[in-house]
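Visitor:
Protein chains in written order, with the UniProt record's numbering: chain Z, 1 to 215; chain R, 1 to 215; chain G, 1 to 215; chain H, 1 to 215; chain Y, 1 to 215; chain S, 1 to 215.
1) Out of curiosity, what's the CA-to-CA distance linking residue 158 of chain G and residue 109 of chain G?
2) Would you mind reading off the limits of the beta strand (DSSP E) that contains residue 62 of chain G?
3) How about residue 112 of chain Y and residue 112 of chain Z: do their beta carbons lie closer than 9 Å?
4) State the DSSP-derived secondary structure class of residue 212 of chain H, mapped to helix, strand or coil.
5) Measure the C-alpha to C-alpha separation of residue 95 of chain Z and residue 151 of chain S and round it to an integer number of angstroms.
6) Can you confirm whether residue 174 of chain R, when its beta carbon is compared against all beta carbons of chain H, has any partner nearer than 9 Å?
7) Applying the 10 Å Cβ sphere with the 16-neighbour rule, what's the burial state of residue 21 of chain S?
8) Just how far apart, CA to CA, sit residue 120 of chain Y and residue 34 of chain S?
9) I'd like the span of the alpha helix (DSSP H) that includes residue 99 of chain Y, first residue to last.
10) Buried or exposed: where does residue 155 of chain R fall if 16 or more other Cβ atoms within 10 Å of its Cβ makes it buried?
11) Just by C-beta distance, which residues in the segment 37-48 of chain Y are closer than 9 Å to chain R?
12) Apart from the five residues on each side of it in sequence, which residues of its chain come closer than 7 Å, Cβ to Cβ, to residue 172 of chain Y?
13) For a test of the three-state rule: what should DSSP assign to residue 201 of chain S, helix, strand or coil?
14) Counting pairs of beta carbons, one from the segment 200-211 of chain G and one from the segment 49-63 of chain H, are three or more of them closer than 8 Å?
15) For the structure I just gave you, are there three or more beta carbon pairs, one from the segment 126-146 of chain H and one from the segment 58-70 of chain G, closer than 8 Å?
16) In this structure, does DSSP put residue 196 of chain S in helix, strand or coil?
17) By the three-class DSSP mapping on this structure, what secondary structure does residue 181 of chain Y have?
18) Using a beta-carbon distance cut-off of less than 9 Å, what residues from the UniProt domain "Cupin type-1" (61-209) of chain Z approach chain G?
19) Is DSSP giving residue 186 of chain H helix, strand or coil here?
20) For residue 55 of chain R, return the contacting residues in chain Z, with the cut-off set at a CB-CB distance below 7 Å.
21) By the 10 Å Cβ neighbour count, where 16 or more other Cβ atoms means buried, how is residue 189 of chain R classified, buried or exposed?
22) Output the distance between the C-alpha atoms of residue 42 of chain S and residue 28 of chain H, rounded to the nearest integer angstrom.
23) On the CB-based measure, 16 or more other CB atoms within 10 Å of its CB, does residue 196 of chain Z come out buried or exposed?
24) Could you check what DSSP says for residue 207 of chain Z in three-state terms: helix, strand or coil?
25) With a cut-off of 8 Å on the beta carbons, I'd call residue 211 of chain Y and residue 184 of chain Z a contact; round off their distance for me.
26) Just grab the DSSP bridge partners of residue 120 of chain S for me.
27) Look at the alpha carbon of residue 178 of chain H and the alpha carbon of residue 169 of chain H, and state the distance between them as a whole number of angstroms.
28) In chain order, what residues of the same chain lie with their CB nearer than 7 Å to the CB of residue 192 of chain R, ignoring the 5 residues before and after it?
29) Which residues in the same chain have their Cβ closer than 8 Å to the Cβ of residue 209 of chain G, if we skip the five residues on either side of it in sequence?
30) Opposite residue 131 of chain R in the DSSP bridges: which residues?
31) Taking only beta-carbon positions, decide if residue 26 of chain R is within less than 9 Å of chain H.
32) Let me know the secondary structure DSSP gives residue 87 of chain R once reduced to three states.
33) List the endpoints of the continuous beta strand (DSSP E) containing residue 175 of chain Y.
34) Among Y:126, Y:45, Y:180, which residue has its Cα nearest to the Cα of residue 26 of chain Y?
35) Using DSSP with H/G/I as helix, E/B as strand and the rest coil, what is residue 55 of chain H?
36) Assuming residue 32 of chain Y and residue 69 of chain Y form a contact by the criterion Cβ under 8 Å, report the distance between their Cβ atoms to the nearest whole angstrom.
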């Protein structure tokens, strides 16, 4: 079971990579099923198919329990995509469970290859996405309610309730990909040049370095 | 909020139509968003876009409560696809909530245009799909567990527990489409010719008519 | 040359698998040609490309003669898809020839990955498909006439003439896939649970077992 | 019923337009069916959907009889694509019947949007396509045999037998498009500049004009 | 001719919208050409087709001259996509010219719907993109050199030379879409809540408000 | 750096093959990046992914200098597609530089898998494409101007100025493919039968052979 922390320290980069790409508009399947063969030495667009398939290949138990939200974001994403759930290979879908401590946040991020639709399991969240015209669509949603985030657009969820919250998220890709904006820019390796970030955010080099130090 | 009964009497045909098509591999969006304009007189592949959009267009509350399972199948599908949730137009995703009474069943059916992935909210279900080689993949799953049904293949869920069950289903299409096999064949209007069904199922015309009478 | 009997006994499951998946909306080719390398140990979405290609790879003689219709359905499908005709790999098309004895039937079935269009070579057939709204579109067609069956929807053809009939079918996939509904449900291995089918078709367990015994 | 002559005189340009575009990889359908509404004033990618649909919309009788091959090519294409057969709109397939007099030819041409697969109804044809590496794949085929021409590549068929020939062609597009090379280059309106053609074919301006005079 | 300033003040939001979405994997065209009819009252996925088309519809002169880089970013994007160049509708491509003053920057941004490939017309630029694993790929490139930025990933260009620089950018979408990260987050309307940004960037509310004041 | 001569002698066939296929509507990527592994023994649709990737994989310097136009066409195409630039694998884009001597010509040709958009670097060119209705759209364009050629349609560029000319071309495919019509028909190996070409172009066998002798 993969569980992905929403904050990114240098040590977490690989974990984020695992949680990463899923996409809207995966190519169509050319046979009924093609369970990912993770052991194959061949690397292709997606994954080769493994030889012996059972019902367990289409089953995933890793979203059953809440993840550990004891981290700077106060939130954690647990992924059920092709990196953790081989059966979705070529099928064009994946899922994730997101848990939020009180005040916890799934920070502004994009999925380069998928639209996301969420169903609230518990709690109260402010959610929103921003269009390429820099228009914010935001709403506070609660248990049993649904919200959709269009492919590739920056979006976020923030726990606005007095208790922990959780959602089930679905994606129209086997590997949606995630770029948590702040971690991507201030926590990349090698680092994004400080002057590039300073000019982009209209802050000083020192202020950039102070943010970098936190990621 | 649309709620679709899993059994199909003649009177329910239109309701089923609402629950119907959603698909894997929807064409990509050509702009950020295009909320379906249901009032448009223009009928196209998908829907035209409405002019004034708010955050409420990307929000859907219709999956909050269990549906009424008091019907022959003992189960009910409540859809959050483009027929009920205009905001998913062009976004390539949809959701549904399925509730099952004790012993209730989402009977063998196909989605012509989508893969389905489910997350169990409560209860214990036997689930399965059958490949084009007539091989059955089946498993009994419970709360918090996930199973995936490849696009276009016949699949089913049956409540095998002592309490009501419920799942959240996600699809990689704005309108997945549903063909409940028995209702499709024995409840179509106009009816499928009795001798066609008799030969296909290797039963007598009288047996076919007896089944037809129940749909 | 592959020839696929339209009835499915346990012994025929593998043959059906060969006849199976072909699809609408195959991913686009990334080079001119990629003839399937059936001997490759690598299994991917579709097939790897073989090294030495000749004009014979794009040629198929297996539809020349009528198939043997001496079976319970009184009909037989002979496939020219990627399982039998390696040259169509990545090209997004396939063909089949269907022969029907007097009274013979291509029973209600779906193609999970392709639309089908047929041209009648000889005879008189009642054809039809059923939408997800359970609406039947049916017509009787004869030599030289064309009918189209949309992707993923249940459809059938039945010989209504006094002589054998035959059609050429084309699909917009290299491997269309076929689920013959009755065989899929009553002839699967392992078997679909009897109580699931009894509830779905609203018949007794005994009636289900009697049908199963015929497949 | 549309019937398209394989030679192009200026007066035939519109007819060719009708026979023209069909493509591999049409966008997926977003509902079961969407029969083209040819009367709609709205022009979109493909066609809007008409309101009232019957089984006749999915039926086409125009390929029943041989076309008139009394023209310079000695061959004629009769199309069953969205321009003549509204029911294939959004379904990603089309068909055509091609008749050839003795010595008749479907001259070198491309389909910008579709792969083509043919089944020989009668006669003996030399068929071939040329790759982007200028390699010719050619074969002589006869009744009941199948050949496939990859999307976008130049290909031809020539009657090499002592009797008329005919094929059924299928395409993975609702409107495959056809560019008959010689007519496209030497019969375009307005004309392609003579010096462009002279340099391309390495002939004199006079020779170009002589060819132009025949189209 | 549209010219889009790379900095976003509130007053520029509409201009950015124009420069915005273009995408990798646009749906395939269903006819040869479909020039966007901007005057149509019908809003669909993409644009309806206009009736009378000339060669000028496929021509665009707006990239001929450098744009005005006198703005906070010291850079300007001039777009040749479907918002400014109607002829690319349904064709799946677009272009842009980007000019950079000395020290100017095309700040970190994403294209939700397209891969970008650039050719340097003049000057010396540091370019880079960051993967979903937070790995930076960066290089300094100069006149006549080419670099590619995968769809949906955050990327940037910074003039590192002593003279103005310019590139031609191409996209595999008619409307690539642009989200300039800093402007999207700190310049959205309505504003993204300050506490969401503070937690995401691990800075104080006051620091967030100071950045917001600059956009 | 690959440089492809626009004329095709038998000896150049392999070079043309390298320059060849690129396409509109490549299948979507299933991960961030997948740089082509040209050394892999596995041949698939596209290329497998290599293991160790650096920023140089996304960089290409081969378009920096003009190509040698000393050939019968007086023009040369230098390609930056997956055959020469491994980094574009799965990304759906490519580029090329085309240089034209005075009077030089990129002769009538098609790209079976891509739309092309060009930006003029220097000089004055007559450009044009022909639709499937045999309608020519042509225009004379100069430095800084843009023109688009729809996927699969025959098009050309001819230097109409008094100096050499050059353009940057972009394609929405990793491997657009090129069929230079005259070379394809008159220079194929094995040769297209003379009588096929004579009938198609309405010239004598002797005239066909005279043209063949020049390719």
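Even glycine gets a Cβ: it sits at the ideal position worked out from N, Cα and C.
Keep in mind that this is a model prediction, so the values were computed, not measured.
Guide: According to the data block:
1) 12 Å
2) Element bounds for residue 62 of chain G: n/a, residue is neither H nor E.
3) yes
4) helix
5) 36 Å
6) yes
7) Annotation note: pLDDT 27 at residue 21 of chain S (below 50); position unreliable, no value reported.
8) 24 Å
9) Residue 99 of chain Y -> not in any alpha helix (DSSP H); beta strand (DSSP E) instead, spanning 94-100.
10) buried
11) 42, 43, 44, 45, 46, 47
12) 24, 92, 93, 114, 115
13) helix
14) no
15) yes
16) helix
17) helix
18) 89, 90
19) helix
20) 137, 138, 139
21) exposed
22) 30 Å
23) buried
24) helix
25) The Cβ separation is near 17 Å, so there is no contact.
26) S:167
27) 13 Å
28) 185
29) 194
30) For residue 131 of chain R, which the question treats as bridged, DSSP gives no partner whatsoever.
31) yes
32) helix
33) Premise fails: residue 175 of chain Y is in no beta strand (DSSP E) and is neither H nor E.
34) Y:45
35) helix
36) Actually they do not touch by this definition, with Cβ atoms about 39 Å apart.
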